[in-house]
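Novice:
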C-alpha cells in the first residue's frame with residue numbers, strides 16, 4: 002500500500018484478497034448446507050451458490066476501490082467528523098453499487114440455468130424490507146472491510162517503523178564503535194611516535210627500525226579498518242607487530258610469553274582489543290622498572306566465553322592503571338558490542354596486574 006498515491010495494490014495482493022473473499026463465500030454456502038442438514042431438508046447447491054457467491058465475488062472485485070477510498074479518505078483526528086461522514090456516504094454508494102451488480106450477476110446466472118422466472122426489475126425492486134436488508138448488509142460489510150484495511154495498514158506501518166528504528170539503532174551503534182576506534186588509533190600512534198622521538202637522538206639505528214616496523218603496523222591497521230571484528234589469530238598477529246616495535250625500544254627489559262589455545266585461534270574478537278592492554282602493561286610495568294618485565298598472554302574457553310588473560314609482574318595496580326584512554330575505550334566497546342558491562346576486569350596478581358577480557362562465543 003502506497004499512502005502517498007492512495008494505493009495501487011499489486012496484482013498479487015488483489016488476487017490474494019479476491020481468493021479470500023471467494024473462500025469466505027464458499028464457507029457461507031457450506032454453513033447453509035450444514036443448517037439444512039439439521040432441518041432434514043434437501044439442499045440445492047446450484048441455487049445457493051448462484052444466490053450467495055456473486056456477492057462475495059463482487060466484494061473481491063471491488064477490493065482495490067474500497068482500499069483506495071479507505072486510505073484516500075483515511076479516518077484520522079484531523080477533520081475526523083468530515084472523514085466519518087465521507088466514509089458513510091462512500092459506504093452507502095458502494096453498498097448500493099454492490100447490491101445492483103450482485104443482483105444482476107445472480108439473476109444472469111439463474112436465468113441462464115433456468116432457475117428463475119422473475120425479471121431483473123422484480124428482483125431489484127422486490128420487497129422493501131429485503132432491499133433495505135441487502136443494502137444494509139453491504140453497508141455493514143463495507144465498514145468491516147474498512148476496519149480490516151485500517152488494522153492491516155496500522156500493523157504494516159508499525160512493523161516498518163520498528164524496522165526503521167532497529168536499523169537506525171544499528172547505524173548509531175556502528176557510528177559509536179567507529180568513533181571509539183578512531184579515538185584509539187591516534188592515541189596509539191601518538192604514543193608510538195613519542196617513543197620513536199625518544200630514540201632518535203639516543204639510538205638513531207633503532208629509531209629507524211621502529212619507523213619501518215611502524216609503517217608495517219599501520220598497513221595492518223588500514224587493512225582491517227572498518228571491521229568490527231577479526232579472528233583472534235589476526236589480533237595476535239597485530240599484537241606481535243606492535244610488540245616488535247616495543248622490543249626495539251626496551252630490548253631485554255621486555256619479555257613476552259604467549260599461551261594461545263588452538264581452540265580459540267579462529268574465534269572472533271573486537272578489532273584492536275588487546276593493544277591498549279599491552280600498552281598499559283608497558284607503561285605501568287616495563288617503563289618504570291629497570292629489570293626484565295614479563296608480559297603473558299593466554300586464552301581459553303570457559304562457559305561459552307573466550308577468556309583472554311594478560312598478566313605482568315610489574316608494580317601492581319595504582320590509581321592511574323585503570324584510567325587511561327585505551328582502557329576506557331575497551332570497556333566502552335565491549336559494552337557497546339555485547340551489551341554486558343562485566344566483560345573486562347583488572348586486578349593485582351602476584352605483584353603485577355592481571356587483566357581479563359571475556360568475549361561471548363557465538364554459537365553456530
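Residue numbers (our numbering): 2 to 365. The beta-carbon is built from N, C-alpha and C at its ideal position, and this holds for glycine as well. Keep in mind that this is a model prediction, so the values were computed, not measured.
1) Using a Cβ-Cβ cut-off of 8 Å (strictly less than) and excluding sequence neighbours within five positions of residue 232, which residues of its own chain qualify?
2) Cβ atoms of residue 328 and residue 278: under 9 Å apart, would you say?
3) Could you tell me the distance, in whole angstroms, from the CA atom of residue 366 to the CA atom of residue 163?
4) Kindly list the residues whose CB is nearer than 6 Å to the CB of residue 210, restricted to its own chain and excluding five residues on each side of it in sequence; keep chain order.
5) Kindly indicate which residue of 272, 303, 316, 32 has the alpha-carbon position closest to the one of residue 335.
6) My assumption, with CB atoms under 8 Å, is that residue 140 sits in contact with residue 92. Please give the rounded CB distance.
7) Under 6 Å Cβ to Cβ from residue 239, same chain only, skipping five residues before and after it: list those, please.
8) When burial is assigned at 16 or more other CB atoms within 10 Å of the CB, is residue 202 buried or exposed?
9) With distances taken between CB atoms, is the gap from residue 314 to residue 294 smaller than 9 Å?
10) Distance, Cα to Cα, residue 158 vs residue 74?
11) Does the separation of the CB atoms of residue 332 and residue 298 fall below 9 Å?
12) Please report the distance separating the alpha-carbon of residue 230 from that of residue 357.
13) Determine the direct distance from the alpha carbon of residue 15 to that of residue 34, and round the result to whole angstroms.
14) If you follow the beta strand (DSSP E) that residue 269 is in, where does it begin and where does it stop?
15) Do the CB positions of residue 275 and residue 311 come within less than 9 Å of each other?
16) Does DSSP put residue 261 in a helix, a strand or coil?
17) Does residue 312 come out as helix, strand or coil in the three-state DSSP assignment?
18) For residue 261, which option in 252, 224, 307 has the closest C-alpha, if you only look at C-alpha atoms?
19) Could you give the first and the last residue of the continuous beta strand (DSSP E) run that contains residue 355?
20) Compare the C-alpha of residue 264 against each of 234, 62, 246, 68 and name the closest.
21) Counting only the same chain and skipping the five closest in sequence on each side, list residues whose C-beta sits under 6 Å from that of residue 87.
22) Helix, strand or coil: how does DSSP classify residue 79 here?
23) Suppose contacts are defined by Cβ-Cβ distances below 9 Å. Is residue 255 in contact with residue 289 by that definition?
24) Grouping DSSP H, G and I as helix and E and B as strand, with all else coil, what is residue 91?
25) Less than 9 Å separating the beta-carbons of residue 362 and residue 281?
26) If you draw a straight line from the C-alpha of residue 63 to the C-alpha of residue 13, how long is it?
27) By the three-class DSSP mapping on this structure, what secondary structure does residue 348 have?
28) Could you tell me which residues DSSP pairs with residue 1 in its beta bridges?
29) Give every residue of the same chain whose Cβ lies closer than 6 Å to the Cβ of residue 148, excluding the five residues on either side of it in the sequence, and list them in chain order.
30) Is it right to say residue 57 is buried, meaning 16 or more other beta carbons lie within 10 angstroms of its own, or is it exposed?
31) According to DSSP, which residues form a beta bridge with residue 300?
32) For residue 21, I'd like the list of residues in its chain whose CB is within less than 8 Å of its CB, leaving aside the five on either flank, ordered along the chain.
33) Who are the near neighbours of residue 219 in its chain, counting only those whose CB is closer than 8 Å to its CB and skipping five residues on each side?
34) For residue 102 and residue 53, what's the separation of their Cα atoms in angstroms?
35) Could you check what DSSP says for residue 49 in three-state terms: helix, strand or coil?
36) Return the chain-ordered list of same chain residues with a C-beta closer than 8 Å to the C-beta of residue 43, the five sequence neighbours on each side being excluded.
Specialist: On the basis of the supplied data:
1) Taking the chain shown and counting its residues from 1, one reaches residue 232 at position 231. Cβ neighbours of residue 232 beyond the five flanking positions: 266, 267, 268, 269, 270.
2) Within the chain shown, residue 278 is the residue found at index 277, counting from 1. Within the chain shown, residue 328 is the residue found at index 327, counting from 1. Yes, the Cβ-Cβ distance between residue 278 and residue 328 is below 9 Å.
3) As displayed, the chain neither begins before 2 nor continues past 365, which places residue 366 out of reach and without an answer.
4) Within the chain shown, numbered from 1, the residue matching residue 210 stands at position 209. Contacts found: 249.
5) Working through the chain shown from its first residue, we reach residue 335 at position 334. Selected option, being the one with the closest Cα: 272.
6) Position 139 of the chain shown holds residue 140. Position 91 of the chain shown holds residue 92. Contact between residue 140 and residue 92 holds, with the beta-carbon distance rounding to 5 Å and staying under 8 Å.
7) Working through the chain shown from its first residue, we reach residue 239 at position 238. So the qualifying residues of the chain are 221.
8) What you label residue 202 is simply residue 201 of the chain shown in a count that begins at 1. Exposed, by the Cβ-count rule.
9) In the chain shown, counting from the first residue as 1, residue 314 sits at position 313. In the chain shown, counting from the first residue as 1, residue 294 sits at position 293. Yes, they are a contact pair.
10) Taking the chain shown and counting its residues from 1, one reaches residue 158 at position 157. Taking the chain shown and counting its residues from 1, one reaches residue 74 at position 73. Each residue's alpha carbon lies about 17 Å from the other.
11) Along the chain shown, read from residue 1 onward, the residue named residue 332 stands at position 331. Along the chain shown, read from residue 1 onward, the residue named residue 298 stands at position 297. Cβ atoms of residue 332 and residue 298: not closer than 9 Å.
12) Looking up residue 230 in the chain shown gives position 229. Looking up residue 357 in the chain shown gives position 356. C-alpha separation (whole angstroms): 18 Å.
13) As a first step, residue 34 is located in the chain shown; it is residue number 33 there, counting from the start. As a first step, residue 15 is located in the chain shown; it is residue number 14 there, counting from the start. If I take the Cα positions, the gap works out to 29 Å.
14) By one-based count along the chain shown, residue 269 stands at place 268. Where residue 269 is concerned, the enclosing beta strand (DSSP E) stretches over 269-271.
15) Residue numbering aside, residue 275 sits at position 274 when the chain shown is read from its first letter. Residue numbering aside, residue 311 sits at position 310 when the chain shown is read from its first letter. Going by C-beta atoms, residue 275 is nearer than 9 Å to residue 311.
16) Indexing the chain shown from 1 puts residue 261 at position 260. It is a strand residue.
17) As a position in the chain shown, residue 312 is number 311, starting the count at 1. Correct three-state label for residue 312: strand.
18) In the chain shown, counting from the first residue as 1, residue 261 sits at position 260. That would be 307, whose Cα lies nearest to the Cα of residue 261.
19) Walking along the chain shown from the start, residue 355 turns up at place 354. Per DSSP, residue 355 belongs to the beta strand (DSSP E) from 353-361.
20) Within the chain shown, numbered from 1, the residue matching residue 264 stands at position 263. Nearest C-alpha to residue 264: 234.
21) The residue given as residue 87 occupies position 86 in the chain shown. If we look at residue 87 and ignore the five residues flanking it on each side, its Cβ neighbours are 74.
22) Your numbering for residue 79 matches position 78 in the chain shown. The answer is coil: DSSP assigns residue 79 none of H, G, I, E or B.
23) For the purposes of this step, residue 255 is taken as the residue at position 254 of the chain shown. For the purposes of this step, residue 289 is taken as the residue at position 288 of the chain shown. For residue 255 and residue 289, no; Cβs fall outside 9 Å.
24) Along the chain shown, one-based indexing puts residue 91 at 90. Helix.
25) What you label residue 362 is simply residue 361 of the chain shown in a count that begins at 1. What you label residue 281 is simply residue 280 of the chain shown in a count that begins at 1. It is not a contact, given that the beta carbons lie outside the stated cut-off.
26) Looking up residue 63 in the chain shown gives position 62. Looking up residue 13 in the chain shown gives position 12. Computed Cα separation, rounded: 15 Å.
27) For this step, residue 348 is matched to residue 347 along the chain shown. In the structure shown, residue 348 falls within a strand segment according to DSSP collapsed to helix, strand and coil.
28) It is not possible to answer for residue 1, since the shown part of the chain is limited to 2 through 365.
29) Position 147 of the chain shown, counted from the start, is the residue given in the question as residue 148. Apart from the 5 residues on each side of it in sequence, residue 148 has no Cβ closer than 6 Å to any other Cβ in its chain.
30) Counting from 1 along the chain shown, the entry for residue 57 is found at position 56. Buried, by the Cβ-count rule.
31) To locate residue 300, count along the chain shown from 1; it is residue 299. Assignment of beta-bridge partners to residue 300 by DSSP yields 261, 309.
32) In the chain shown, the residue the question calls residue 21 occupies position 20. Hits under 8 Å: 61.
33) Counting from 1 along the chain shown, the entry for residue 219 is found at position 218. If we look at residue 219 and ignore the five residues flanking it on each side, its Cβ neighbours are 190.
34) Counted from its first residue, the chain shown places residue 102 at position 101. Counted from its first residue, the chain shown places residue 53 at position 52. Inter-residue distance for residue 102 and residue 53 is about 13 Å (C-alpha atoms, whole angstroms).
35) Here residue 49 is taken as the residue at index 48 of the chain shown, counted from 1. It is helical.
36) Locating residue 43 in the chain shown gives position 42, counting from the first residue. For residue 43, where only same-chain residues beyond five positions count, the Cβ hits under 8 Å are 37.
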